[in-house]
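This report refers to the structure that appears directly beneath it.
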Amino acid sequence: MEGRAAEAAGGRPDAPATELLLRFARVGHDSGYPTADLEERLLALADALGVPGAEISATPTVVEVSVGSLADQRSYTLRVRPKDVDLDAIARLDELVQEVLVGLLEPPEALAAIARVRDEPLRRRWHVQLVGYALAGAALTPVLGGGWREASAGAVVGLVVGGIAIAFRRAARTEPMVAPLAAVVASFCSVAIARLGFDVTPDVVTLAALVTFLPGMTLTIGMRELSTEHLQSGVANTASALVQLLGLVFGVGVGRSIALGWFGDVGAMTPDTTFSAYHLFAAAAAGIAFTLTLRARYRDAFVMCSATVLALSANEAGGAVFGHDAAAFVTALVIGLAGGVVGYVLRRSPLVFIVPGVLMLVPGSAGFNSALQLLANQTVSGITAGFDTFVTAMSIAYGLMVSAVVLPRRFTSIASASGRSASAGESRT
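Numbered per the working numbering, the sequence shown spans residues 1134 to 1562.
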C-alpha cells in the first residue's frame, strides 16, 4: 500500500500517520470508547501504518501517544474530558479502522473521514430525543418494581427530565449541572404526582426517570480497568462515577426536601419485583429508548433491543440457577459472549450490544439507593447497599473479561474483523 512508509529520516514516523493516530485518539475518546478498546484500536492503526514503537496511555482526562524508536521517540499529550457514549460515532470509527487495516484508506482519506465523524455527528430532532427520555422512564419502571401507574408517571417525569438535558447539554458551561438539576426536578415531580392523588411510588418513578444519567457503565469500566491494572484510568473512572452519583443524590435530596416541605409526606409502598413476561416487553422498549439516548443508528435498534431482553432474561435465569450474588457475573458473561458474536457476524462494534445490556443491570441504581439511605440516616443498610454496588460492578467487569477470553480471538480482535472484511471484499470481486 503506497504512502505507508513507516519512518522518515532519523527513524521518525511520517507526519500523516502520526497525525492520524492523534486525531483518532481525540475523536475516539470523545466518542466514549473504553480505555482498553481505544488503546487496542490505536495500536492496530499504528501497526498497519508502520509507526514504530507506538505506546498508548489513555485516561478519562489525558491521552498520551508516544511514537518512534527509543533513541528518537516523540511523545504527544492530548487534554481531553470524559464524554457520554456515542454509539454512532463508535460504529463509524470502527468502520474507519477496518478500512485502514485492509488498505482501503490512506492516511489523508482517513483523516478526512475522522473529521467528518467529529464535525457531522448523528443529530436527532429535539422531539425525538424527548421521546427517548420519556420511553426510558416508562420502560424501566416495571424492571424496578413499578406498575402501570409508575410507568405513566415515569414517562411524564422522563419527558421533563429530557427537556432539561437537551436544553442544558448544548452549552459546555452548564453541562456539569445537567444531572443534579434533572435529579432535583425528577424527585420533585415524582412526589408532586403522588401527592396529586395518583397511587405511585415516588422513589421508583424518580429512579426510572434518572436511569439514563446513572454512571453504571462508567463504574463498571472503572472496576474493569482496576482489575486489569489500568490503575490510573480505573481510579479516574471510578471517581468520576462516584462524583456523578453524589451529584444525582444531592439533586434528589434537594428536590425531595422541597416537595415534602410543600406537599408533606406521601408515604411509601414496597415495589413488586416479581418477574413476568411484561418485563420482557419493557426491556425491548428500553432498548428503543437507549437507541435514542445513546445516539445509536436506527438500524441498530433491533440489536440493542435484543441485548436488553437478553440481559434481563439472563439475569433472572442466573439468579434462579446460580443465586442472586452470581447473577450479575453470569449475565455479563452472556452479554459479552453474545456481543462478540453479534459484532463479528454483523460487522458492527460489539459495544452496540454490550452497552445497553450492561445498562439494564443498572449497577448504579444500587449505589444511588445506598447514598439515599445514608442521606436518610439509614447507615447500616446504606453501607451494605454501597458495598453491593461495587461487588455488582466487579462481577460485571469480570464477566465481560471472561467472555473476551472464552471467545476465539477472531471474535474480539479489531484486526481479525478487518481481515475478515478484506477476505469478504476479495471474494465479492
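Quick reminder that beta carbons are idealized off the backbone N, C-alpha and C, glycines included.
For residue i, the three-state DSSP class (helix, strand or coil)
{"i": "L1211", "result": "strand"}
{"i": "G1497", "result": "Because the pLDDT of G1497 is 49, which lies under 50, any placement of that residue in the model is unreliable, and the number read from its coordinates should be weighed accordingly. It is helical."}
{"i": "E1172", "result": "helix"}
{"i": "G1524", "result": "Note that residue 1524 is Val in the sequence shown here, rather than Gly. Residue state, collapsed to three classes: helix."}
{"i": "F1408", "result": "coil"}
{"i": "S1482", "result": "coil"}
{"i": "T1361", "result": "coil"}
{"i": "E1239", "result": "coil"}
{"i": "P1149", "result": "helix"}
{"i": "A1204", "result": "helix"}
{"i": "D1332", "result": "coil"}
{"i": "R1542", "result": "helix"}
{"i": "A1429", "result": "coil"}
{"i": "L1347", "result": "coil"}
{"i": "P1489", "result": "helix"}
Residue from the options whose Cα sits closest to the Cα of residue i
{"i": "G1451", "options": "A1440, P1313, T1464, V1535", "result": "T1464"}
{"i": "C1474", "options": "R1543, L1443, F1455, V1290", "result": "It is worth fixing the name first, because residue 1474 is Val in this sequence and not Cys. That would be R1543, whose Cα lies nearest to the Cα of V1474."}
{"i": "A1434", "options": "D1252, K1216, Y1477, P1489", "result": "P1489"}
{"i": "A1563", "options": "R1258, G1349, Q1262, V1385", "result": "Nothing can be reported for residue 1563: it is not among the residues displayed for the chain, which extend from 1134 to 1562."}
{"i": "A1447", "options": "R1432, S1285, G1469, L1182", "result": "G1469"}
{"i": "T1345", "options": "Y1431, L1273, V1478", "result": "L1273"}
{"i": "G1287", "options": "I1297, R1249, I1326", "result": "I1326"}
{"i": "G1420", "options": "L1494, D1252, A1459", "result": "L1494"}
{"i": "T1407", "options": "V1276, F1423, A1526", "result": "V1276"}
Enclosing alpha helix (DSSP H) for residue i [first to last residue]
{"i": "A1374", "result": "1364 to 1396"}
{"i": "M1310", "result": "From DSSP, M1310 is part of no alpha helix (DSSP H); its letter is neither H nor E."}
{"i": "S1164", "result": "Per DSSP, S1164 belongs to no alpha helix (DSSP H) and is neither H nor E."}
{"i": "A1342", "result": "1335 to 1343"}
{"i": "R1282", "result": "1281 to 1301"}
{"i": "P1275", "result": "1259 to 1276"}
{"i": "E1565", "result": "Past the edges of the chain, shown from 1134 to 1562, lies residue 1565, and the structure says nothing about it."}
{"i": "L1255", "result": "Segment: none, L1255 is in no alpha helix (DSSP H) and carries neither H nor E."}
{"i": "V1454", "result": "1434 to 1455"}
Opening and closing residue of the beta strand (DSSP E) in which residue i lies
{"i": "V1198", "result": "1195 to 1200"}
Residue j beta carbon less than 8 Å from that of residue i
{"i": "V1213", "j": "D1163", "result": "yes"}
{"i": "T1168", "j": "E1358", "result": "yes"}
{"i": "L1155", "j": "L1211", "result": "yes"}
{"i": "L1352", "j": "A1372", "result": "no"}
{"i": "D1219", "j": "G1165", "result": "yes"}
{"i": "T1441", "j": "Y1266", "result": "no"}
{"i": "L1263", "j": "G1295", "result": "yes"}
{"i": "T1334", "j": "S1320", "result": "no"}
{"i": "A1312", "j": "G1380", "result": "yes"}
DSSP bridge partner residues for residue i (one or two, in chain order)
{"i": "S1190", "result": "E1197"}
8 Å Cβ cutoff, residue i in contact with chain B
{"i": "N1370", "result": "Among the chains of the structure shown, chain B does not appear; only one protein chain is present."}
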